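Enquirer:
Protein chains: 2
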Amino acid sequence: MSNTRFATAIHILTLLARQPGEWLNSDYIAGSIQVNPVIVRRELIILNEAGLVISKKGKEGGVQLAKPSSKISLAAIYHAVKNTEVLGKKNLNPNSQCPVGRQINDRLTQLFLETDYLVSNALTKKTLADFGKQFK
Amino acid sequence: MSNTRFATAIHILTLLARQPGEWLNSDYIAGSIQVNPVIVRRELIILNEAGLVISKKGKEGGVQLAKPSSKISLAAIYHAVKNTEVLGKKNLNPNSQCPVGRQINDRLTQLFLETDYLVSNALTKKTLADFGKQFK
DNA sequence: TTTAATTGTCACATTATTTGTTACAATTAA
DNA sequence: TTAATTGTAACAAATAATGTGACAATTAAA
Chain R
655 MSNTRFATAI HILTLLARQP GEWLNSDYIA GSIQVNPVIV RRELIILNEA GLVISKKGKE
715 GGVQLAKPSS KISLAAIYHA VKNTEVLGKK NLNPNSQCPV GRQINDRLTQ LFLETDYLVS
775 NALTKKTLAD FGKQFK
Chain V
655 MSNTRFATAI HILTLLARQP GEWLNSDYIA GSIQVNPVIV RRELIILNEA GLVISKKGKE
715 GGVQLAKPSS KISLAAIYHA VKNTEVLGKK NLNPNSQCPV GRQINDRLTQ LFLETDYLVS
775 NALTKKTLAD FGKQFK
């Protein structure tokens with residue numbers, strides 16, 4: 655992950671968790687992160703598809719959590735935004751004439767899966783509520 | 655990590671581990687990965703700085719492992735090539751007028767460190783020799 | 001019914017990162 | 001003296017990430 659998507663998503667959700675039932679709008683959220691509101695709206699679409707937020711269009715609209723923050727794991731957030739594996743990408747065309755080239759991507763698939771699982775598993779144990787409690 | 659650096663590095667080292675004491679050159683290695691030799695040489699510089707390989711310039715030169723593959727952990731390889739944390743980057747200027755904006759980067763630093771430590775710790779237990787044994 | 005605020009979304013611009021390529025000085029063995 | 005090789009620079013190309021302006025559709029309130 656060489657992007658800020660996880661940081662942006664957890665920032666959004668931390669704000670929402672502090673005002674359950676309130677419809678916060680993307681301008682307000684963007685003001686807290688200090689990024690363009692479109693960045694926030696784009697991330698909100700992903701979080702909506704993941705079932706973590708619900709949104710209301712139109713005047714007095716906005717977004718709120720789809721469920722209590724104690725039911726949202728950091729793993730769910732991570733899965734919603736992640737786009738590469740922890741150990742990165744594989745090379746596309748290793749040489750099949752070479753024993754190492756021929757087998758390496760299968761071995762990496764296994765190692766990459768194990769490593770991702772480890773991270774998922776740890777994040778599953780942490781909730782958004784726990785994360786939010788750390789803020790004064 | 656949305657790059658192929660770990661995959662490239664472990665590919666290089668797996669090849670070297672199969673021929674201990676031999677000076678393999680960057681063209682040969684590049685042929686197995688099927689990337690440009692400069693990509694390989696650039697990664698070799700990093701692996702050299704990390705104390706994992708030694709190299710010899712000039713005719714009949716090349717690179718070999720700096721120590722037995724049983725003494726090289728996957729964590730050492732990962733550390734040599736990693737350039738971002740597992741959970742990505744933080745936003746640069748969260749709004750300090752906002753309680754969440756003011757505190758979030760410290761909380762993320764902690765979470766990111768924990769997550770990275772987890773991965774390091776797991777990779778410390780695996781050696782290049784173990785990885786190499788999986789190849790026929 | 002009209003107005004204002006808001007999401008969802010598109011198109012494009014800009015910046016950053018990653019990968020590829022050519023070239024060559026310095027080094028070393030034959 | 002020649003040929004092969006690393007180390008490295010400079011630049012090109014491709015891909016990914018972030019920023020921006022615009023606007024249709026929707027909704028609440030005036």
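Respectively, the protein sequence lines represent chains R and V.
According to the working numbering, the first sequence is numbered sequentially starting from 655.
According to the working numbering, the second sequence is numbered sequentially starting from 655.
Virtual Cβ for every residue (Gly too), placed ideally from N, Cα, C.
Note that this is a predicted model, so its numbers are computed, not measured.
Would you list, in chain order, the members of the stretch 673 to 699 of chain R that have their beta-carbon closer than 9 Å to a beta-carbon of chain V?
Expert: Result list: Gly685, Ser686, Ile687, Gln688, Val689.
Enquirer: By the three-class DSSP mapping on this structure, what secondary structure does Ile708 (chain R) have?
Expert: Three-state result, Ile708 (chain R): strand.
Enquirer: Specify whether the stretch 767 to 787 of chain V and the stretch 712 to 732 of chain V touch according to this definition: at least 3 beta carbon pairs, one from each stretch, less than 8 Å apart.
Expert: These segments touch.
Enquirer: Mind the definition here: the stretch 750 to 768 of chain R touches the stretch 709 to 717 of chain V only if three or more C-beta pairs lie below 8 Å; say whether that holds.
Expert: The stretch 750 to 768 of chain R vs the stretch 709 to 717 of chain V: no contact.
Enquirer: Along chain V, in chain order, which residues have C-beta atoms closer than 8 Å to that of Pro748 (chain R)?
Expert: What Pro748 (chain R) touches in chain V: His665, Ser686, Ile687, Gln688.
Enquirer: Three-state secondary structure (DSSP) at Thr778 (chain V)?
Expert: Note: Thr778 (chain V) maps to helix in three-state DSSP.
Enquirer: Is it true that the CB of Ile699 (chain R) sits closer than 8 Å to the CB of Thr662 (chain R)?
Expert: No; because the gap between Cβ atoms is not below 8 Å, this pair is not in contact.
Enquirer: Measuring only the C-alpha atoms, how far is Val740 (chain R) from Tyr732 (chain V)?
Expert: Taking the straight line joining both Cα atoms gives about 10 Å.
Enquirer: If contact means a Cβ-Cβ distance below 7 Å, which residues of the stretch 745 to 778 of chain R contact chain V?
Expert: For the stretch 745 to 778 of chain R, which is checked against every Cβ of chain V, the residues closer than 7 Å are Asn745, Asn747, Pro748, Asn749, Cys752, Pro753, Val754, Gly755, Gln757, Ile758, Arg761, Leu762, Thr769, Leu772, Val773, Ala776.
Enquirer: Could you list which residues in chain V have their beta carbon closer than 9 Å to that of Phe668 (chain R), in chain order?
Expert: The sequence shown places Thr at residue 668 (chain R), rather than the Phe named in the question. Neighbours of Thr668 (chain R) on chain V, chain order: Val754, Ile758, Arg761.
Enquirer: Quick one: list the residues of chain V neighbouring Gly742 (chain R), beta-carbon separation under 7 Å, in chain order.
Expert: Going along chain V in sequence order, the residues near Gly742 (chain R) (Cβ under 7 Å) are Met655, Ser656, Asn657, Thr658, Arg659, Phe660, Ala661.
Enquirer: Based on the DSSP output, what are the partners of Gln718 (chain R) in its beta bridges?
Expert: DSSP output for Gln718 (chain R) lists R:Ile708 as bridge partner(s).
Enquirer: Within the 8 Å Cβ cut-off, does Lys710 (chain V) reach chain R?
Expert: Closer than 8 Å: no.
Enquirer: Considering only the alpha carbon of each residue, which of V:Gln788, V:Arg761, V:Gly716, V:Asp681 lies closest to Phe660 (chain R)?
Expert: The residue with the shortest Cα to Cα distance from Phe660 (chain R) is V:Arg761.
Enquirer: Assign Gly715 (chain R) to buried or exposed, taking buried as 16 or more other Cβ atoms, counted over all protein chains shown, within 10 Å of its Cβ.
Expert: Flag for Gly715 (chain R) reads exposed.
Enquirer: At what residue ranges does the stretch 667 to 713 of chain R contain a whole run of the beta strand (DSSP E), taking only runs of 3 or more?
Expert: Taking only runs of at least 3 residues, the beta strand (DSSP E) segments lying wholly in the stretch 667 to 713 of chain R are 707 to 710.
Enquirer: On a Cα-Cα basis, can you pick out the residue from V:Gln673, V:Ile666, V:Asn679, V:Gly786 that is closest to Glu697 (chain V)?
Expert: The candidate whose alpha carbon is nearest that of Glu697 (chain V) is V:Ile666.
Enquirer: Give me, in chain order, the residues of the same chain whose beta-carbon lies closer than 7 Å to that of Asn749 (chain R); leave out the 5 immediate sequence neighbours on both sides.
Expert: Cβ within range, chain order: Gly755.
Enquirer: What would DSSP say about Ser724 (chain V), mapped onto helix, strand or coil?
Expert: The answer is helix: DSSP assigns Ser724 (chain V) an H, G or I state.
Enquirer: Nearest-angstrom Cα distance between Gln688 (chain V) and Ala783 (chain R)?
Expert: The straight-line gap from Cα to Cα measures roughly 47 Å.
Enquirer: Would you report the Cα separation of Asp681 (chain V) and Pro691 (chain V), rounded to the nearest angstrom?
Expert: Distance between the alpha carbons of Asp681 (chain V) and Pro691 (chain V): 5 Å.
Enquirer: Can you tell me whether Leu746 (chain V) is helix, strand or coil according to DSSP?
Expert: In this structure, Leu746 (chain V) counts as coil in the three-state DSSP scheme.
Enquirer: Could you give the C-beta distance for Ser686 (chain R) and Leu669 (chain R), rounded to a whole number, given that I count them as a contact under 8 Å?
Expert: Contact flag correct, Cβ pair sits at about 6 Å.
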